[in-house]
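Only one structure is covered here, and it is reproduced in the block below.
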Amino acid sequence: MAIFKKKLQVKPNTKGYLYRNNNFEQILNSGYHEFWDFKNRIELFCLPTSSKLIAVTNQEVLTKDNVALRFSFNILYKITDGQKLLTQFSLDRQITYIILELEQRICNIVQIFLRDRIAEMDSETLNEKRNELTEFKTEEMENQVFPFGVTIEHAQLKDLTFPKTIQDLFAKHLEAKVRAKADLENARTKVATARTLKNASELMKGDDNIKFFQLLETIGKIAEKGKHTFNFGDITQLTKNESAK
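Here you go:
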């Protein structure tokens with residue numbers, strides 16, 4: 001009678017969905033299972049329970065200001081309801097092809113959302129806010145994949161590549177901004193220096209000691225030019241007289 005028994009294997013990190021006479025019968029956990037199958041009408045579909053990564057590369061899109069760019073993104077998804085998933089696809093093929101079609105549908109949904117998000121921004125804004133697109137999963141996106149029995153854990157923008165001419169323009173714009181900032185800082189420094197010198201000058205105007213040293217400096221310069229005779233009384237009184245004039 002053993003010839004009428006069928007041994008089925010469910011590998012680790014998967015769940016088995018057993019169909020008899022083309023009707024769902026039960027869910028099997030990982031391990032080996034034996035069933036009577038007199039008419040050879042049992043079929044097993046195994047689906048992964050771990051998260052799966054989809055990498056999409058080299059996609060094109062136009063920004064709001066009609067700049068063509070390329071982008072790549074990653075999707076991390078997980079099958080949460082395998083029975084629901086199997087009701088959405090034709091089961092007349094191997095499970096590998098069912099998973100491929102599932103991932104293609106997920107990619108199409110996610111790509112449309114990302115394209116729409118990029119297309120509503122002009123290139124300069126997009127370049128400034130590209131970090132905000134790193135994680136772009138939305139509730140609406142989740143709702144659209146829910147009928148497949150899956151959930152999207154992450155939808156992340158990986159690369160965003162502008163044409164070379166646009167990259168050069170961005171580089172020049174950044175250089176101009178840095179130069180303008182440096183010029184502004186230099187101007188502020190000059191204004192602060194001028195203000196300090198003016199304040200110092202105001203303080204020096206009424207200082208008798210400063211005037212005394214200025215007088216000595218003037219006398220020294222005159223003396224350097226030749227032989228001169230200077231007659232002084234009280235030199236401090238002279239500075240006071242100079243101040244009184």
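Position 26, counted from 1, in the sequence shown is what UniProt numbering calls 26; the numbers after and before it change by one each time, with no gaps. Heads up, the beta-carbon is just placed ideally off N, CA and C, and yes, glycines get one too.
Is tyrosine 32 close to chain D, meaning its C-beta is less than 8 Å from at least one C-beta of that chain?
Any reference to chain D falls outside this structure, which holds one protein chain only.
Cutting at 7 Å between CB atoms, please list the residues of its own chain near valine 61, excluding the five before and the five after it.
Contacts found: Leu69, Phe71, Arg115, Ile118, Ala119.
Using only the alpha-carbon positions, how far apart do methionine 121 and phenylalanine 89 sit?
Approximately 36 Å, taken between the alpha carbons.
Scan the stretch 119–172 and note each continuous beta strand (DSSP E) run of 3 residues or more that stays entirely inside, going in chain order.
Complete beta strand (DSSP E) runs here, min 3: 150–161.
Can you tell me whether residue 246 is buried or exposed, with buried defined as 16 or more other CB within 10 angstroms of its CB?
Because the chain here runs from 1 to 245, residue 246 falls outside it and cannot be looked at.
Put phenylalanine 73 into one of helix, strand or coil per three-state DSSP.
Phenylalanine 73 falls in the strand class under three-state DSSP.
I believe glutamine 59 touches tyrosine 32 by the beta-carbon criterion, under 8 Å. Please report the beta-carbon distance rounded to the nearest angstrom.
With a Cβ gap of about 43 Å, glutamine 59 and tyrosine 32 do not count as contacting.
Need the endpoints of the beta strand (DSSP E) that lysine 52 sits in, please.
Its beta strand (DSSP E) spans residues 52–62.
Given a threshold of 16 other Cβ atoms within 10 Å of its Cβ, counted over all protein chains shown, does phenylalanine 4 qualify as buried or as exposed?
Phenylalanine 4 comes out exposed.
Relative to the ligand HEM, is the shortest distance from any of its heavy atoms to the C-beta of glutamate 128 smaller than 7 Å?
Among the components modelled here there is no ligand, and therefore nothing to report on the ligand HEM.
How far does the beta strand (DSSP E) with leucine 8 in it reach, from first residue to last?
Taken as a continuous stretch (DSSP letters only), the beta strand (DSSP E) holding leucine 8 covers 5–10.
Span of the alpha helix (DSSP H) holding leucine 85?
First-last of the alpha helix (DSSP H) with leucine 85: 82–86.
Looking at the structure shown, is arginine 195 part of a helix, part of a strand, or coil, going by DSSP?
If DSSP states are grouped into helix, strand and coil, arginine 195 belongs with the helices.
When DSSP builds the beta bridges, which residues end up paired with cysteine 46?
Beta-bridge pairing links cysteine 46 to Gly16.
Between the Cα of isoleucine 27 and the Cα atoms of Asn40, Asp81, Thr161, which residue gives the shortest distance?
For isoleucine 27, the nearest C-alpha among the options comes from Asp81.
Can you tell me where the beta strand (DSSP E) with leucine 28 in it begins and where it stops?
Start and end: 23–28.
Specify, as a first and last residue, the run of the beta strand (DSSP E) that phenylalanine 35 falls within.
First-last of the beta strand (DSSP E) with phenylalanine 35: 31–36.
Of all the options Pro12, Asp92, Phe38, Thr63, which has the alpha carbon lying nearest to the alpha carbon of proline 48?
If we check each option's Cα against that of proline 48, Pro12 comes out closest.
Once you ignore the five residues that flank valine 138 on each side, which residues in its own chain have a CB closer than 7 Å to its CB?
According to the sequence provided, residue 138 is threonine. The question's valine does not apply to it. Here the set comprises Phe113.
Please report how far the alpha carbon of asparagine 29 lies from the alpha carbon of threonine 57, in whole angstroms.
Taking the straight line from one Cα to the other gives about 35 Å.
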